[in-house]
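**Q** Residue numbers (the UniProt record's numbering), protein chains in the order written: chain A, 1 to 338; chain B, 1 to 333; chain C, 1 to 360. Input: one structure, supplied below.
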Amino acid sequence: MPTEADENENVSWRSDSGVSADVTRWERADEFFEERIRKPAIVAWADRRTRIGLLILGIYLGMALIAVFDLYRAPSTNQATQLAGPFQSWDYPLGTTMSGVDLLSLIIHSTPDILLMIIAGSVWATGVAVLVGTLAGYKGGVVDRVLMSISDVVMAIPGLPLVIILAVTFNPKNPIVLGILININYWAGLGRSLRSQVLTIREDSYVEASRTMGVSTPRILQKDIIPNLMPYVTVNFVFAARYVVFASIGLFFLGVLPYSAQNWGVTLNYAYSGGALFTWEAAHWLIFPMIAIMGLSLGLILLGQGMDRVFNPRVRTRLAENSESTRTKTDAAMTEDH
Amino acid sequence: MGHYYLRRTARMFVTVFLVASLSFGLIRLLPGGPFSLLRANLLRQGVPASEVDARIANLQNIRPDAPLWEQYADYMLAAGQGDFGTSIALGEPVSRIIAQAVPWTVFIVLVSTVLIFVFGILLGAIQAYWEGSRFDQLVSGVSVTLMSVPFYVVAVLALFVFAYQFGWFPTAGTVGVGVETGVNMAFFTSALHHAALPIFSYTITGIGGQALAMRGNSIQVLGNDYVEVARLRGLSDSRIATRYVARNAILPLYTGFLLLLGFRLGGTVILEQIFSYPGLGYYMWSALESNDYPLMMGTFLVITVALVIGVYIADLTYGMIDPRISRGESDAY
Amino acid sequence: MTTTSERLHRSNDAVEDPILEVKNASVTFDDGETYVLDDVTFSIERNEILGVVGESGSGKSMLASALLDAIPAPGHLSGEVLYHPDQHTTVDILEFTDDELMEYRWADVSMVFQGAMSSFNPTMKVGAHFQDTLKAHNESVPDGMEFAREILSDLYLDPERVLDSYPHELSGGMQQRALIALSLLLEPEVLVMDEPTAALDLLMQRSILLLLEDIKEKYDVTMVFITHDLPLVASLADRMAVMYAFELIEAGPRDRIIGESAHPYTRALLNSTPNIDAPLEEMQPIPGKSPAPVNVPTGCSYADRCPLATETCTRDAPSFDQVEDEHTVACHHWQQAREEIALSFAGGDEAGRSTGGERR
Numbered sequence: 001m002p003t004e005a006d007e008n009e010n011v012s013w014r015s016d017s018g019v020s021a022d023v024t025r026w027e028r029a030d031e032f033f034e035e036r037i038r039k040p041a042i043v044a045w046a047d048r049r050t051r052i053g054l055l056i057l058g059i060y061l062g063m064a065l066i067a068v069f070d071l072y073r074a075p076s077t078n079q080a081t082q083l084a085g086p087f088q089s090w091d092y093p094l095g096t097t098m099s100g101v102d103l104l105s106l107i108i109h110s111t112p113d114i115l116l117m118i119i120a121g122s123v124w125a126t127g128v129a130v131l132v133g134t135l136a137g138y139k140g141g142v143v144d145r146v147l148m149s150i151s152d153v154v155m156a157i158p159g160l161p162l163v164i165i166l167a168v169t170f171n172p173k174n175p176i177v178l179g180i181l182i183n184i185n186y187w188a189g190l191g192r193s194l195r196s197q198v199l200t201i202r203e204d205s206y207v208e209a210s211r212t213m214g215v216s217t218p219r220i221l222q223k224d225i226i227p228n229l230m231p232y233v234t235v236n237f238v239f240a241a242r243y244v245v246f247a248s249i250g251l252f253f254l255g256v257l258p259y260s261a262q263n264w265g266v267t268l269n270y271a272y273s274g275g276a277l278f279t280w281e282a283a284h285w286l287i288f289p290m291i292a293i294m295g296l297s298l299g300l301i302l303l304g305q306g307m308d309r310v311f312n313p314r315v316r317t318r319l320a321e322n323s324e325s326t327r328t329k330t331d332a333a334m335t336e337d338h
Numbered sequence: 001m002g003h004y005y006l007r008r009t010a011r012m013f014v015t016v017f018l019v020a021s022l023s024f025g026l027i028r029l030l031p032g033g034p035f036s037l038l039r040a041n042l043l044r045q046g047v048p049a050s051e052v053d054a055r056i057a058n059l060q061n062i063r064p065d066a067p068l069w070e071q072y073a074d075y076m077l078a079a080g081q082g083d084f085g086t087s088i089a090l091g092e093p094v095s096r097i098i099a100q101a102v103p104w105t106v107f108i109v110l111v112s113t114v115l116i117f118v119f120g121i122l123l124g125a126i127q128a129y130w131e132g133s134r135f136d137q138l139v140s141g142v143s144v145t146l147m148s149v150p151f152y153v154v155a156v157l158a159l160f161v162f163a164y165q166f167g168w169f170p171t172a173g174t175v176g177v178g179v180e181t182g183v184n185m186a187f188f189t190s191a192l193h194h195a196a197l198p199i200f201s202y203t204i205t206g207i208g209g210q211a212l213a214m215r216g217n218s219i220q221v222l223g224n225d226y227v228e229v230a231r232l233r234g235l236s237d238s239r240i241a242t243r244y245v246a247r248n249a250i251l252p253l254y255t256g257f258l259l260l261l262g263f264r265l266g267g268t269v270i271l272e273q274i275f276s277y278p279g280l281g282y283y284m285w286s287a288l289e290s291n292d293y294p295l296m297m298g299t300f301l302v303i304t305v306a307l308v309i310g311v312y313i314a315d316l317t318y319g320m321i322d323p324r325i326s327r328g329e330s331d332a333y
Numbered sequence: 001m002t003t004t005s006e007r008l009h010r011s012n013d014a015v016e017d018p019i020l021e022v023k024n025a026s027v028t029f030d031d032g033e034t035y036v037l038d039d040v041t042f043s044i045e046r047n048e049i050l051g052v053v054g055e056s057g058s059g060k061s062m063l064a065s066a067l068l069d070a071i072p073a074p075g076h077l078s079g080e081v082l083y084h085p086d087q088h089t090t091v092d093i094l095e096f097t098d099d100e101l102m103e104y105r106w107a108d109v110s111m112v113f114q115g116a117m118s119s120f121n122p123t124m125k126v127g128a129h130f131q132d133t134l135k136a137h138n139e140s141v142p143d144g145m146e147f148a149r150e151i152l153s154d155l156y157l158d159p160e161r162v163l164d165s166y167p168h169e170l171s172g173g174m175q176q177r178a179l180i181a182l183s184l185l186l187e188p189e190v191l192v193m194d195e196p197t198a199a200l201d202l203l204m205q206r207s208i209l210l211l212l213e214d215i216k217e218k219y220d221v222t223m224v225f226i227t228h229d230l231p232l233v234a235s236l237a238d239r240m241a242v243m244y245a246f247e248l249i250e251a252g253p254r255d256r257i258i259g260e261s262a263h264p265y266t267r268a269l270l271n272s273t274p275n276i277d278a279p280l281e282e283m284q285p286i287p288g289k290s291p292a293p294v295n296v297p298t299g300c301s302y303a304d305r306c307p308l309a310t311e312t313c314t315r316d317a318p319s320f321d322q323v324e325d326e327h328t329v330a331c332h333h334w335q336q337a338r339e340e341i342a343l344s345f346a347g348g349d350e351a352g353r354s355t356g357g358e359r360r
């Protein structure tokens, strides 16, 4: 009879051996692509909301590229007549501000920084959440209790006021730092729900099998657990991004976030304090930045909802494997023996 | 069971304690430290340099020359007694300012949260009942659109249209000038009149998400065996709809209460500033504008405590209304 | 022994005093193209235990729902389901108004579902389910609850404790028994059970079966026991019916179905069933897959898995043949099946015949 040590050696020898592992690694990568990327992508794409969402986000990406490569003039004061109305001139189609800045160029040139901020904030929020959630859920015991207690406290602090105080304290101007700052405690709630998902996956037989075989914790987390969380994490990435849009623009609008260049929120603030509230003539100064904000968050929400369908296993098998046999099988399963 | 409530209560106090400590730490990190502005102010007022420290200590319960741990102990003790020092800009005790601001903020947050729940649940339930109908599709579309509108956008637009352009609503304040505070009709209507637009902004942007969640939950519950069994047992549609479907669909929404509440409480910083509505958020913002650190920290602490208490109540009541929550393991959210 | 005069009164499947008769019942989905129950005709004798056996996806749950006219939404039930409250009264439940149907369900024919846990509202105490049911049928709640306590005690449950518990606070076996008690609350004539023990461990299955026999005697109820587990129901049933691919293929007294089954599928099913007595090598899986609802073959639906299939089988659907008085089968070659497909377990054909003889 082999001892326990023997078996452990066996396992590590098998998984790390040179040539054969290469082959399986390719196969595994292939399978990973098929199962985790291609099929979910097909399912997500089949939903109209995903397509519209991606289209909208594509427009913003295009605007960001235009700004980065300087394909449209940069905003500056007195580049046009003051408070020109919208749709009256091809030179400044969206009109101008009180100080004669072209609104369109203002909106376009705000995009790169805002996108950077969004990406930084949501990468931070979901990254920390995945780390905390998987560790707490998988390790359990003291690690779990400590991490969850910390999450509870962090979750109990209202986001905006905390961000305001931190912004005043540290005065960051870099969009990446700002993005992280805005989502500074967003991870706590997400981490908690990821933890409960990990608890469910943990009980699955294949994870238990890996554990009894002596596979190391980081490896189990990486191979068995995190891939199963990916759809949920992706959807929440999108929602974290939306939160960054809402919160950052709101705080810029409030004038509490430091800024180096104008953006939609700052424009909104100027319009608001510059008297756009009192007269219809300046309404466009308020309305176009608002449309920019709402468009971006609409794109994110539609994308998130479309991807949410990846969760639904019935829809997933039906769309991903479009063969006749599968369809009848799922139908039979639906109508019989529920 | 008793054990659970005890532990949950203890956790609430620990959370408040930790947040208070955090705020103490943050004050120290503020540019120029907590007292530079006050010191400058006092010197300008002609207070002799030798007495400044004593005056500061008198006003803020903290002796600037004491060692850090003593400052910490003093700060925590004072905060525990509800004493957050004196506002630099307004010259009044922070606690007094907060005491008269809290009811307004709680009023707005509570009313809008209740409205969001009620309307969201009703809409979502109707949508689920007629799943796939015109109505369902229309409401879903509107919900998604509303979800992508930040509340402050609605707030600014509502202020622009209904207050400034049409003049239907006041542009600032909590009650009309000269209206006496008390239990009388004039005060009541005036308060509602002033709060209408802020509440509207919060509610209209929150209903969509809530309706979508309720719709999804209801559809899921409708597919459960126990609904079919109840139908076979001859129960009336209304009984099934309320006791079997609605209740089980609403329960998970209750857990989202925390996020909703936190978001709304924090959002008052923006909302109340737009409507010049002197609640907690408004004072926090104005403290920020004038570098009034005692007021800033006081409002921050009180907003946090309000959230902690809200979640605490939600947690306890959730355990009471959902029998499946085992009291040993708190997983209400 | 049966006499000729008696035989004259019988319908095709030899039931003297049927309480429920199902005639040409079909359930269709998708505009009548997809059949999940295909032209099923059979009767249930008053006070018997009828065991319905079929693999999952054979339409047996549909059969159960059909008895209560409770086919899930997009499905459509056609044919006749005749209910005889007594020997001289006949009503077609498919003609019922909504109110009549509401009265009929649970009070005349009630049902126990597969998963007990999912049959109870998780946020309501078990007792409240009983009260709700009584109120919905305008019964006196105190009297009804008194009766409920009696049934619960008969099922070896502590009535007060169970009624005051939430479903999740009870074990699986307790939930299942509580559900059986709930189904008996209005003293129904017929109790339809759809895989009532599937989620339980073997010991609990056995003890519930034993309880069911006592319950049947005491409460004078006709039982329809639907399961995929042939040996399980064989120990309980008086008569058995076998389903395959949404059709009924064989019906008869228990001992004849077990010992002298005539349909190749039933015989294959018996041979594929694990049996403590039989060595593992003798167990034979049935090759092939049962057809999906959309492409049920034109002839006999078992033809492409049947070792005896001929051209006739793929062309013509077999009608019911009488094997012996009470034993009917839908197969063109049932005589051949009994000769060529040997039953592998001890007590096959020969032994079966002798027990069959003892019974009559």
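Here a beta-carbon is modelled for each residue, glycine too, at the ideal position from N, C-alpha and C. In this text the structure is predicted, and so the values were computed from the model without any measurement.
Between L265(B) and chain A, is any beta-carbon pair separated by less than 8 Å?
**A** By 1-based counting over the second sequence, the position of residue 265(B) is 265. Output row for L265(B): interface = yes.
**Q** Please confirm if L20(C) has its CB atom under 8 Å from at least one CB of chain B.
**A** By 1-based counting over the third sequence, the position of residue 20(C) is 20. No, because no Cβ of chain B sits closer than 8 Å to the Cβ of L20(C).
**Q** Around the C-beta of N183(A), are 16 or more other C-beta atoms found within 10 angstroms, so that it is buried, or is it exposed?
**A** By 1-based counting over the first sequence, the position of residue 183(A) is 183. Answer is buried; the Cβ neighbour count reaches 16.
**Q** Which of the three DSSP states is assigned to G341(C) in this structure?
**A** One-based indexing of the third sequence puts residue 341(C) at position 341. For the sequence presented, residue 341(C) should be read as Ile rather than Gly. Looking at I341(C) - three-state DSSP - the assignment turns out to be coil, as it is neither helix nor strand.
**Q** Under a Cβ-count criterion, where at least 16 other Cβ atoms within 10 Å of its own Cβ denotes burial, should E21(C) be classed as buried or exposed?
**A** In the third sequence, counting from the first residue as 1, residue 21(C) sits at position 21. Burial call: buried.
**Q** May I ask you to list, following chain order, the residues of the stretch 280–292 of chain B that have a beta carbon less than 7 Å from some beta carbon of chain A?
**A** Residues are counted here when their Cβ sits less than 7 Å from a Cβ of chain A; for the stretch 280–292 of chain B these are M284, W285, L288, given in chain order.
**Q** Step through the CB atoms of chain A and report whether any lies within less than 8 Å of the CB of Q210(B).
**A** The residue you call residue 210(B) lines up with position 210 of the second sequence. For Q210(B), the answer is no, since every Cβ of chain A falls outside 8 Å of its Cβ.
**Q** Verify the CB distance criterion: does P196(C) have a CB-CB separation below 8 Å to chain B?
**A** Position 196 of the third sequence, counting from 1, holds the residue named residue 196(C). At a cut-off of 8 Å, the C-beta of P196(C) has no neighbouring C-beta in chain B.
**Q** In chain C, which residues lie with their C-beta within 8 Å of the C-beta of N248(B)?
**A** For the purposes of this step, residue 248(B) is identified with residue 248 of the second sequence, where counting begins at 1. The contacting residues are N121, P122, T123.
**Q** Please classify Y226(B): is it buried, with 16 or more other beta-carbons within 10 angstroms of its beta-carbon, or exposed?
**A** Taking the second sequence and counting its residues from 1, the one referred to as residue 226(B) is at position 226. So Y226(B) ends up on the buried side.
**Q** Sort I286(C), H333(C), C313(C), R267(C) by Cα distance to I341(C) and report the nearest one.
**A** Here residue 341(C) refers to the residue found at position 341 when the third sequence is read from its first residue. The candidate whose alpha carbon is nearest that of I341(C) is R267(C).
**Q** Taking C-beta pairs closer than 9 Å, name the residues in chain A that Y152(B) reaches, listed in chain order.
**A** The count along the second sequence starts at 1 and reaches residue 152(B) at position 152. Within 9 Å Cβ-Cβ: F246, I249, G250, F253, L254, L268.
**Q** For A213(B), which of V177(B), I250(B), L232(B) has the nearest alpha-carbon?
**A** Start at 1 with the first residue of the second sequence, and residue 213(B) comes out as number 213. Nearest of V177(B), I250(B), L232(B) to A213(B), Cα basis: I250(B).
**Q** State the Cα-Cα distance for the pair F169(B) and A186(B), rounded to the nearest angstrom.
**A** The residue labelled residue 169(B) in the question sits at position 169 within the second sequence. The residue labelled residue 186(B) in the question sits at position 186 within the second sequence. If I take the Cα positions, the gap works out to 15 Å.
**Q** Run through DSSP, which three-state label would M213(A) get?
**A** By one-based count along the first sequence, residue 213(A) stands at place 213. It is coil, neither helix nor strand.
**Q** Let me confirm a value: M296(B) is counted as buried when at least 16 other C-beta atoms fall within 10 Å, else exposed. Which label applies?
**A** On the second sequence, residue 296(B) is found 296 positions in, with the first residue counted as 1. Residue burial annotation: M296(B) is buried, with at least 16 other C-beta atoms found within 10 angstroms of its C-beta.
**Q** V123(A): which of L106(A), S149(A), L178(A) sits nearest, CA to CA?
**A** As a working note, residue 123(A) is residue 123 in the first sequence. Taking only the C-alpha atoms, the option nearest V123(A) is L178(A).
**Q** When the Cα atoms are used, what is the spatial distance from N236(A) to R202(A)?
**A** To locate residue 236(A), count along the first sequence from 1; it is residue 236. To locate residue 202(A), count along the first sequence from 1; it is residue 202. Going from the Cα of N236(A) to the Cα of R202(A) covers about 21 Å.
**Q** If T203(B) sits next to I303(B), beta carbons under 8 Å apart, how far is it from one beta carbon to the other, in whole angstroms?
**A** The residue labelled residue 203(B) in the question sits at position 203 within the second sequence. The residue labelled residue 303(B) in the question sits at position 303 within the second sequence. That pair is no contact at about 20 Å.
**Q** Where R247(B) and P142(C) are concerned, what is the direct C-alpha to C-alpha distance, given to the nearest angstrom?
**A** For this step, residue 247(B) is matched to residue 247 along the second sequence. For this step, residue 142(C) is matched to residue 142 along the third sequence. Roughly 26 Å between the two C-alpha positions.
**Q** Check the Cβ-Cβ distances between A181(C) and every residue of chain B, and say whether any is below 8 Å.
**A** Numbered from 1 along the third sequence, position 181 holds the residue referred to as residue 181(C). Chain B, which has no Cβ nearer than 8 Å to the Cβ of A181(C), makes this no.
**Q** Looking at the strands, I want to know which residues DSSP matches up with H137(C).
**A** Translated into the one-based positions of the third sequence, residue 137(C) becomes position 137. For H137(C), which the question treats as bridged, DSSP gives no partner whatsoever.
**Q** State buried or exposed for T126(A), treating a residue as buried only when at least 16 other CB atoms are found within 10 Å of its CB.
**A** One-based indexing of the first sequence puts residue 126(A) at position 126. If you draw a 10 Å sphere on the C-beta of T126(A), you find 16 or more other C-beta atoms in it, and that means buried.
**Q** Should Q175(C) and F120(C) be called a contact, given that it needs their Cβ atoms to be closer than 8 Å?
**A** As a working mapping, residue 175(C) is identified with position 175 in the third sequence. As a working mapping, residue 120(C) is identified with position 120 in the third sequence. Contact flag set, yes.
**Q** Can you find a CB in chain A that lies within less than 8 Å of the CB of S148(B)?
**A** Here residue 148(B) corresponds to residue number 148 of the second sequence, with the count starting at 1. Interface residue, yes.
**Q** So is T298(C) buried or exposed if we call it buried at 16+ other beta carbons inside 10 Å?
**A** Along the third sequence, one-based indexing puts residue 298(C) at 298. That one is exposed.
**Q** Examine chain C for any beta-carbon lying closer than 8 Å to the beta-carbon of R134(B), and answer yes or no.
**A** Walking along the second sequence from the start, residue 134(B) turns up at place 134. Contact of R134(B) with chain C is not assigned, every C-beta pair being separated by 8 Å or more.
**Q** Give me the residue from A191(B), V177(B), G80(B) with the minimum Cα distance to V14(B).
**A** Along the second sequence, read from residue 1 onward, the residue named residue 14(B) stands at position 14. When C-alpha distances from V14(B) are compared across A191(B), V177(B), G80(B), the shortest belongs to G80(B).
**Q** Quick check: the Cα distance between D194(C) and F147(C), rounded to an integer number of angstroms?
**A** Here residue 194(C) is taken as the residue at index 194 of the third sequence, counted from 1. Here residue 147(C) is taken as the residue at index 147 of the third sequence, counted from 1. Between D194(C) and F147(C), the C-alpha separation is close to 24 Å.
**Q** Quick one: any contact between the stretch 282–290 of chain B and the stretch 80–90 of chain B, if contact means 3 or more CB pairs under 8 Å?
**A** yes
**Q** Take T328(C) and list the residues in its own chain whose beta-carbon comes closer than 6 Å to its own, dropping the five residues that flank it on each side.
**A** Against the third sequence, residue 328(C) aligns to sequence position 328. Hits under 6 Å: D13, A251, F320, Q322.
**Q** Please report the straight-line C-alpha distance between T310(C) and F246(C), rounded to a whole angstrom.
**A** Locating residue 310(C) in the third sequence gives position 310, counting from the first residue. Locating residue 246(C) in the third sequence gives position 246, counting from the first residue. Rounded to whole angstroms, T310(C) to F246(C) spans 21 Å at the Cα level.
**Q** Do D69(C) and L37(C) come within 8 Å of each other at the CB atom, strictly closer than that value?
**A** On the third sequence, position 37 is the one that residue 37(C) refers to. On the third sequence, position 69 is the one that residue 69(C) refers to. Not closer than 8 Å, so no.
**Q** Taking 8 Å as the threshold (beta carbon to beta carbon), is D225(B) in contact with chain C?
**A** Working through the second sequence from its first residue, we reach residue 225(B) at position 225. Interface residue, yes.
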